[in-house]
Structure formats: C-alpha cells, structure tokens
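Peer 1: The structure that follows is given in the form of structure tokens.
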Amino acid sequence: MATTKAKSTKKPAAKKVAAKKPAPKSKTTAKAAKVAPKAAAVKATKVGTVKTKIVSEKKNPVKEFFARKGDPNENILTIFKDTKIIGALIGEIIGTGLVTAVALTLGLYNPLYMIFAYIGITAAVFALSGAHINPIITAGMMASRRVSAIRGVLYLIAQLLGAWIGFMLISYFYNQGIASGNITAESVMLPTLSSADGLVAATEGFSFFWAITMIEFIGAIIIAFFFARALEFKRGAFTFAAVVAGGIFLAYLFAVVISGQFLGIQQGNIFIMNPAAAFMYGLLPSNAEGFDALMGQLWPMLVTYVIFPVAGGVIGFYLSDFANKLSGKELKA
C-alpha cells in the first residue's frame, strides 16, 4: 500500500511539471514586440517611397548638360585662400610664353616641330594649371563650367602676360642681332601675322578674309575638342600632352594644306590659333595714326584671330560633352 501511494503521489507532480506554462513576457518585451512591426512597416513604407521617387523622377537633360563640373565652392572669396592658384598662374604664364616664343621662331608652317614643342610644354605645366596655355581652351572650359569664372579670368590674364613675355624675349634677341649687323631684317624675318583682310589673290580686289577666318574657327574647334577628349581619359601628363598636341598638329596641318593647296596663299604666316599670342605680335604692334585708323586695322584681325577662335573653342567643348551625353558617359571636370 505504501508503494502504491508513493507512485500515485509522483504521477500528479510529473503532470504539473509537464503542464507548466511558460513565464509571462515582461512589459518591455511586449512593447518592443508591438513597436517592431510598426517600425518595420514604416521602414518599408519609407523605402518604398524613396524607390518610387527615384524611378518617377525625371531629369532635365538641358540642366544636367550645363551643370557645374568644376569645384562648386570656388569663387572670388575662396580661390586665394590656397596658394595653388598662384602656382597655376605661374604655369600658365610660362606655358603661354614658351608657346608664343615657339610660334615666333618656327612659325606654323612647321607643324611637325610644333607638335614636339607642345608635348613638352603641356607635360611640363600640366600638374600646375591643367595646361590651358591658350584662351581658346580657357573659354571652352568656362563655357562648359569646368572651371569657375574667376579662375578663367585669372588664366586669361596670365596667358596674355605670358604671351607678352615670350614676344618681348624673342624681339630682344632679334633686335640685338639686327643692331650688331650680323643679320638684316630682310634676311631673317619674324613670322608676323598678316591681316586676313589685306591678303589679295591673283584676282585683283579679292579678299580671303572669311576663308582665313573660317580656317581659324575650324582649327579652334579641333583643338578644343581634342583637349576635352583628353580630359576624359587622362592617365598621366604625357598621355594627356600627346592627345592635346595631336589635336594642335591636326589643326595646323589642316590650316597649312587648305591655305596652300586649295586657296593658293603663300604669303607669310597667317595662322596662330591662340588669341593671346595673336594679341602680342599681330594686334598690339600697330603704327596706325589715330583711333579710327587703329580700329580699322584691329577690327578685322580681332574677328579672325580672337572672336571666331574663342567661339570655336566653346563649340569644341560642347561637341565633346554632347557626344559624351549620347554615349551615356558622365562628364568629367
């Protein structure tokens, strides 16, 4: 009997243990459980909203095309806080001065020599300023918003100063040689620019003004386009310089072949494709008497060697950006 009782008392105890309910959840856990589904729902809603916005948002291709590609924080108040701008301006002065000196001594009728000169000069100042060394390039960089307006204006001033230094340097040696009597002005001549309006063909009274202007214009487009393309895949100073110099060589070769073979022009140096250099030894050295006579001489040359080349530089950059846009690639600064 005792054994039976013991067994019967153990069985209910076992049942109680098996039927024991789990401990009730704390209030904090219960609240967390309630909040968690809501938070997940809110998160899902937010994610869903963002995705919907991204998919449904329409981009303005015109606004995107003209969007700023350079430093958005660069302006007249911030640009001089860093000494890098000084180094960049020095690079533009040296580079443009050397380019002007080379153009004065070799002339553009030696395009093969010019390409090596441009490779060396561009590679040397590339790390300092990006090696614009030509107002055509700076104008295109400003118009395509790759550089700020203040940087562009400073570069233009530096380029004019550099071209003036290059012009003065070569003129000094030239005048010293004439003064010594070792050379004469007839035997050695600087390749000065001829006014496109003054070039007269065999047919009396015919002017090559618009023909020369269009050659300068097309050459500027070629130079700017090659520069913009070099910016897209620059892997080093030499690669960049080689592409840029290749464009300059092509532009000069185009000018020489068209003017000589098709137009029959053999009168001196009539191409420059660099408004800064054109200012120094084609526009400023004028012996006109009076303001009216001066403007009469300068206006045709301004149109040919400054206004149209600058416009060509802007178009060259826009062509590159437009081709980039059609190919689906992002524009680079």
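Count along the sequence shown from 1, then add 23; that gives the number in my numbering.
Beta carbons: idealized from backbone N, C-alpha and C, even for Gly.
(1) Using 8 angstroms for Cβ pairs, my map puts alanine 243 next to glycine 336. What's the rounded Cβ distance?
(2) By the DSSP assignment, the alpha helix (DSSP H) with glutamate 239 in it spans what residues?
(3) Would the beta-carbon of isoleucine 138 fall within 9 angstroms of that of valine 122?
(4) Does the beta-carbon distance from serine 152 to alanine 111 come in below 9 angstroms?
(5) Given a threshold of 16 other Cβ atoms within 10 Å of its Cβ, counted over all protein chains shown, does isoleucine 99 qualify as buried or as exposed?
(6) Would alanine 253 and phenylalanine 263 be called neighbours here (beta carbons separated by less than 9 angstroms)?
(7) What's the gap between the Cα of alanine 126 and the Cα of alanine 150?
(8) Using the three-state DSSP reduction, which class does leucine 183 fall into: helix, strand or coil?
(9) Which residues in the same chain have their Cβ closer than 7 angstroms to the Cβ of alanine 64, if we skip the five residues on either side of it in sequence?
(10) Taking DSSP as the reference, what is the three-state secondary structure of aspartate 344?
(11) Verify whether the separation of the beta carbon atoms of tyrosine 141 and glutamate 239 is less than 9 angstroms.
(12) Tell me which residues share the same chain as alanine 299 and place their Cβ nearer than 6 angstroms to its Cβ, disregarding the 5 neighbours each side in the sequence.
(13) Check for me: the alpha helix (DSSP H) holding phenylalanine 229 runs from which residue to which?
(14) Under the three-state reduction of DSSP, which class applies to arginine 174: helix, strand or coil?
(15) Buried or exposed: which applies to serine 350, given that a residue is buried once 16 or more other Cβ atoms fall within 10 Å of its Cβ?
(16) Return the first residue and the last residue of the alpha helix (DSSP H) that tyrosine 275 is part of.
(17) Between the C-alpha atoms of alanine 124 and glycine 189, what's the straight-line distance to the nearest angstrom?
(18) Here's a check: name, in chain order, each residue in its chain whose Cβ is nearer than 8 angstroms to the Cβ of valine 333, leaving out the five neighbours to either side.
(19) Taking the C-alpha atoms as reference points, what is the distance between valine 170 and leucine 177?
(20) Quick one: measure Cβ to Cβ for lysine 165 and glycine 175, integer angstroms, because I've assumed they're closer than 8 angstroms.
(21) Does the Cβ-Cβ distance between phenylalanine 231 and isoleucine 193 come in under 9 angstroms?
(22) Distance check for asparagine 205 and lysine 92, CA to CA, integer angstroms please.
(23) Do you know offhand how far leucine 273's Cα is from isoleucine 235's?
(24) Can you tell me whether alanine 126 is helix, strand or coil according to DSSP?
(25) Is proline 298 helix, strand or coil by DSSP?
(26) Measure from the alpha carbon of methionine 237 to the alpha carbon of each residue in Phe340, Tyr341, Met324, then state which is nearest.
(27) Which one of Val148, Ile338, Ile102 has the shortest CA to CA distance from alanine 251?
(28) Which of the three DSSP states is assigned to isoleucine 160 in this structure?
Peer 2: Taking the definition as stated:
(1) Here residue 243 is taken as the residue at index 220 of the sequence shown, counted from 1. Here residue 336 is taken as the residue at index 313 of the sequence shown, counted from 1. Indeed they touch by this definition, with Cβ atoms about 5 angstroms apart.
(2) Within the sequence shown, numbered from 1, the residue matching residue 239 stands at position 216. Run containing glutamate 239: 232 to 255, per the alpha helix (DSSP H) assignment.
(3) Taking the first residue of the sequence shown as position 1, residue 138 is located at position 115. Taking the first residue of the sequence shown as position 1, residue 122 is located at position 99. Cβ distance not < 9 angstroms, so isoleucine 138 and valine 122 don't count as in contact.
(4) Position 129 of the sequence shown, counting from 1, holds the residue named residue 152. Position 88 of the sequence shown, counting from 1, holds the residue named residue 111. Yes, they are a contact pair.
(5) Within the sequence shown, the letter at position 76 stands for residue 99. Counting Cβ neighbours within 10 Å, isoleucine 99 comes out exposed, since fewer than 16 surround it.
(6) For the purposes of this step, residue 253 is identified with residue 230 of the sequence shown, where counting begins at 1. For the purposes of this step, residue 263 is identified with residue 240 of the sequence shown, where counting begins at 1. Yes. Within cutoff.
(7) Working through the sequence shown from its first residue, we reach residue 126 at position 103. Working through the sequence shown from its first residue, we reach residue 150 at position 127. Answer to the nearest angstrom: the Cα atoms are 23 angstroms apart.
(8) Here the question's residue 183 lines up with position 160 in the sequence shown. Helix.
(9) Locating residue 64 in the sequence shown gives position 41, counting from the first residue. With a pLDDT of only 47 at alanine 64, under 50, the local geometry of the prediction cannot be trusted, and no value is derived from it.
(10) One-based indexing of the sequence shown puts residue 344 at position 321. It is helical.
(11) Translated into the one-based positions of the sequence shown, residue 141 becomes position 118. Translated into the one-based positions of the sequence shown, residue 239 becomes position 216. Not a contact, by the Cβ cut-off of 9 angstroms.
(12) What you label residue 299 is simply residue 276 of the sequence shown in a count that begins at 1. Apart from the 5 residues on each side of it in sequence, alanine 299 sits with its Cβ closer than 6 angstroms to the Cβ of Thr119, Pro158, Gln182, Leu183, Ala186 in its chain, given in chain order.
(13) Counting from 1 along the sequence shown, the entry for residue 229 is found at position 206. Counted as a single uninterrupted DSSP element, the stretch harbouring phenylalanine 229 is not any alpha helix (DSSP H), since DSSP gives it neither H nor E.
(14) Here residue 174 refers to the residue found at position 151 of the sequence shown. Residue state, collapsed to three classes: helix.
(15) Residue 350 sits at position 327 when you count from the first residue of the sequence shown. Per the 10 Å Cβ criterion, exposed.
(16) As a working mapping, residue 275 is identified with position 252 in the sequence shown. Tyrosine 275: member of the alpha helix (DSSP H) spanning 260 to 280, first to last residue.
(17) The sequence position of residue 124 within the sequence shown is 101, counting from 1. The sequence position of residue 189 within the sequence shown is 166, counting from 1. Distance between the alpha carbons of alanine 124 and glycine 189 is about 5 angstroms.
(18) For the purposes of this step, residue 333 is identified with residue 310 of the sequence shown, where counting begins at 1. Closer than 8 angstroms at the Cβ level, and outside the excluded window around valine 333, lie Pro158, Ile159, Ala162, Ala243, Pro298.
(19) Counting from one through the sequence shown, the residue named residue 170 turns up at place 147. Counting from one through the sequence shown, the residue named residue 177 turns up at place 154. It is roughly 11 angstroms from the alpha-carbon of valine 170 to the alpha-carbon of leucine 177.
(20) Here residue 165 is taken as the residue at index 142 of the sequence shown, counted from 1. Here residue 175 is taken as the residue at index 152 of the sequence shown, counted from 1. Note that residue 165 is methionine in the sequence shown, not lysine. The C-beta distance from methionine 165 to glycine 175 rounds to 4 angstroms, short enough to meet the 8 angstroms contact threshold.
(21) For this step, residue 231 is matched to residue 208 along the sequence shown. For this step, residue 193 is matched to residue 170 along the sequence shown. Taking the C-beta atoms as reference points, isoleucine 193 is found no nearer than 9 angstroms to phenylalanine 231.
(22) The residue given as residue 92 occupies position 69 in the sequence shown. The residue given as residue 205 occupies position 182 in the sequence shown. In a straight line, the C-alpha of lysine 92 is about 54 angstroms away from that of asparagine 205.
(23) As a position in the sequence shown, residue 273 is number 250, starting the count at 1. As a position in the sequence shown, residue 235 is number 212, starting the count at 1. Taking C-alpha positions only, leucine 273 is separated from isoleucine 235 by approximately 16 angstroms.
(24) Your numbering for residue 126 matches position 103 in the sequence shown. Three-state result, alanine 126: helix.
(25) In the sequence shown, counting from the first residue as 1, residue 298 sits at position 275. Proline 298: helix per DSSP, three-state reduction.
(26) To locate residue 237, count along the sequence shown from 1; it is residue 214. It is Met324.
(27) The count along the sequence shown starts at 1 and reaches residue 251 at position 228. Put simply, of Val148, Ile338, Ile102 the residue whose alpha carbon is nearest the alpha carbon of alanine 251 is Ile338.
(28) Translated into the one-based positions of the sequence shown, residue 160 becomes position 137. Annotated three-state conformation of isoleucine 160 is helix, per DSSP.
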